[in-house]
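There are 2 protein chains.
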Amino acid sequence: MLRRPLNNYISVDCVIFGYNGQELQVLLVDRTLIDNSTGQPEFTDLTLTGNHIYEDETIEQAAYRVLFDLTGLKNVFLDQFKTFAHPDRLKKENDRKWLLHDGRDPDKRIVSIGYFALLATQNITLEWKGRNVKWVSVSEVGELAFDHNQILEEALIALRNKIKQEPIGFELLPEKFSLTQLQNIYEVILSTELDKRNFRKKIARMKYLIPTDEKQTGVSHKPARLYVFSREVYEKTKKELFDFTV
Amino acid sequence: MLRRPLNNYISVDCVIFGYNGQELQVLLVDRTLIDNSTGQPEFTDLTLTGNHIYEDETIEQAAYRVLFDLTGLKNVFLDQFKTFAHPDRLKKENDRKWLLHDGRDPDKRIVSIGYFALLATQNITLEWKGRNVKWVSVSEVGELAFDHNQILEEALIALRNKIKQEPIGFELLPEKFSLTQLQNIYEVILSTELDKRNFRKKIARMKYLIPTDEKQTGVSHKPARLYVFSREVYEKTKKELFDFTV
DNA sequence: TAATTAAGTGTAAAATCAACACTAACTATG
DNA sequence: CATAGTTAGTGTTGATTTTACACTTAATTA
């Protein structure tokens, strides 16, 4: 079956966040532009991952497709956070070359619907289907093509807001994890330090954190107990919170 | 100057919330489809407000333009909350007739970028520029055209989340307001009841609420003191909150 | 001037937050 | 095999915030 893009000028961009146990990372695509005449690489740019939306799929399905094509994973946490359509968003010199090379009119607008995804880095086999993708620490991301630095920035804001409201830290961890790992995720995302005892007291109040009998292995210190997140308990116990905080 | 739509199939939809002192309302457009052959009205549908995006404007500018055209107001609170693009979102019979009548292909997708706006109903002169718009209580909205019921639903969710985080209740009130009015806004939006004394204690801790010397007039009971919201104080005192609540 | 209506105000018990330091369990090394 | 190194794990106290709860005040209207 032939699937045509719904419209060349609408796409999804996925900010795929990963956590490797130390730092928050983002999955970037390394694109090299081949000069059509010489066949030589002209320049290389880093971009977020993204794609067109096909006629027969929802935007959410398009975002899941991008994720699956790059990581081989389904059932990934995914959240739409903002749509970008500034008329000048593609005015960098290299961006224009890219679009021309891609057969698109660089003076037309691209409306880009932003999603962010969360996954545990260790689950991923990269270079999936020949694409040249890599994890980059969020704190070390340099200049990206198009307006992707801005999109990443907004994704981070959305991620911070989300993690303050809902227990999505687990999405960045393997199924079994230690409390220190979980705390580290909050610290990294919120750029703050948390008190170990207070954090544990607070998280313990949430019933959805289930201790297992297993412990860390292969560490040269006291091994941590491993926990799992119970989505069932979470769904049961979540109640509307009326912290109209400000 | 000729302004052409950026793309017929991308639009902004504005969920314009208003508050009249009692209930939360939404501004709806009453559209009557005139049969091209007979010149007679074929049917009437209610929709949210919306429009195309022009080539030379940002989506945010397009949303402000929609707002201004309908209400004559600038400087309105406006927030992008979600983009809608389900392939089947325009499959109702009347929706198709409308799009045909409008010169559009009803089988093509319309990507609609949702904004919600907040304003005090009493500031508004309706029927602006001949458009047939009206306030409808949010709790009494019936079936809308297209997928506008779903968009309204998501706008309400976004509004509830927002008001729990930021002091935007003031946007629904005239410049000077009583504490009871403010409390009522929280109660209406969050569908809950709040204790008067506790609400006042909490809101008093926020320094941005400035009492004036004025009192309500024309009420047949003890008149309430009027307050104003100080944006300056708010900007100064807001600090990052680390309530990773859940 | 009495009735009606909504405004405005305080306290006490319970829950949560914030600050803070030591012991336990494992590995690696000498 | 003893020691050093490393991270896990745990409780208390004072300050702040939340929750629950009822009466007096100031205006209008009858």
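Chains F and R are the protein sequences, given in the same order.
In short: position in the first sequence from 1, add 15, done, that's the numbering used here.
In short: position in the second sequence from 1, add 15, done, that's the numbering used here.
Every residue gets a Cβ at the ideal spot worked out from N, C-alpha and C, and that includes glycine.
These numbers come from a predicted model, not from an experiment.
Contact under 8 Å by Cβ, residue i with residue j
i, j, result
"residue 148/F", "residue 40/F", "no"
"residue 68/F", "residue 127/F", "no"
"residue 43/R", "residue 57/R", "no"
"residue 198/R", "residue 214/R", "yes"
"residue 221/F", "residue 182/F", "yes"
"residue 132/F", "residue 82/F", "yes"
"residue 166/R", "residue 194/R", "no"
"residue 204/F", "residue 246/F", "no"
"residue 33/R", "residue 136/R", "yes"
"residue 129/F", "residue 97/F", "yes"
"residue 62/F", "residue 160/F", "yes"
"residue 24/R", "residue 125/R", "yes"
"residue 225/R", "residue 242/R", "yes"
"residue 92/R", "residue 186/R", "yes"
"residue 251/F", "residue 238/F", "no"
"residue 86/F", "residue 134/F", "yes"
"residue 164/R", "residue 155/R", "no"
"residue 102/R", "residue 71/F", "yes"
"residue 192/F", "residue 223/F", "no"
Where residue i meets chain R, residues with beta-carbon distance less than 8 Å
i, result
"residue 219/F", "What residue 219/F touches in chain R: nothing, since even the nearest Cβ is about 13 Å away."
"residue 70/F", "102, 124"
heavy atom of the ligand FAD below 7 Å from residue i C-beta
i, result
"residue 37/F", "Within the structure as shown, the ligand FAD is missing, as the structure has no ligands at all."
Cβ-based burial, residue i [other Cβ within 10 Å; buried from 16]
i, result
"residue 21/R", "Residue confidence for residue 21/R is low, a pLDDT of 45 falling below 50, so the modelled location carries little weight; the figure read from the coordinates is stated next. Buried, by the Cβ-count rule."
"residue 228/F", "exposed"
"residue 100/R", "buried"
"residue 212/F", "exposed"
"residue 10/F", "With chain F covering only 16 through 261, there is no way to say anything about residue 10/F."
"residue 210/F", "exposed"
"residue 104/F", "buried"
"residue 115/R", "exposed"
"residue 184/R", "buried"
"residue 65/R", "buried"
"residue 232/R", "exposed"
"residue 257/R", "The predicted position of residue 257/R is uncertain, since its pLDDT is 38 and thus under 50; no value can be drawn from it."
"residue 84/R", "exposed"
"residue 236/R", "exposed"
"residue 94/F", "buried"
"residue 120/R", "exposed"
"residue 162/R", "buried"
"residue 110/R", "buried"
"residue 106/R", "exposed"
"residue 259/R", "Caution applies to residue 259/R, whose pLDDT of 45 falls short of 50 and renders its modelled position unreliable; the value that the coordinates give is listed next. By the 10 Å Cβ count, residue 259/R comes out buried."
Per DSSP, cross-strand counterpart(s) of residue i
i, result
"residue 2/F", "The structure shown does not extend to residue 2/F, since chain F is modelled only from 16 through 261, so no value can be given for it."
"residue 33/R", "40/R, 134/R"
"residue 62/R", "44/R"
"residue 129/R", "28/R, 97/R"
"residue 182/F", "Bridge partners of residue 182/F: none, in fact."
"residue 226/R", "242/R"
"residue 67/F", "26/F"
"residue 192/R", "242/R"
"residue 56/R", "49/R"
"residue 92/F", "133/F"
Amino acids of chain F, ordered along the chain, whose beta-carbon sits closer than 7 Å to that of residue i
i, result
"residue 97/R", "95"
Contacts that residue i makes with chain R (C-beta to C-beta distance below 7 Å)
i, result
"residue 101/F", "73"
Under 9 Å by beta carbon: chain F residues contacting residue i
i, result
"residue 25/R", "22, 24, 25, 100, 124, 126"
On the three-pair Cβ rule with 8 Å, is the region 24-38 of chain R touching the region 62-79 of chain R? yes
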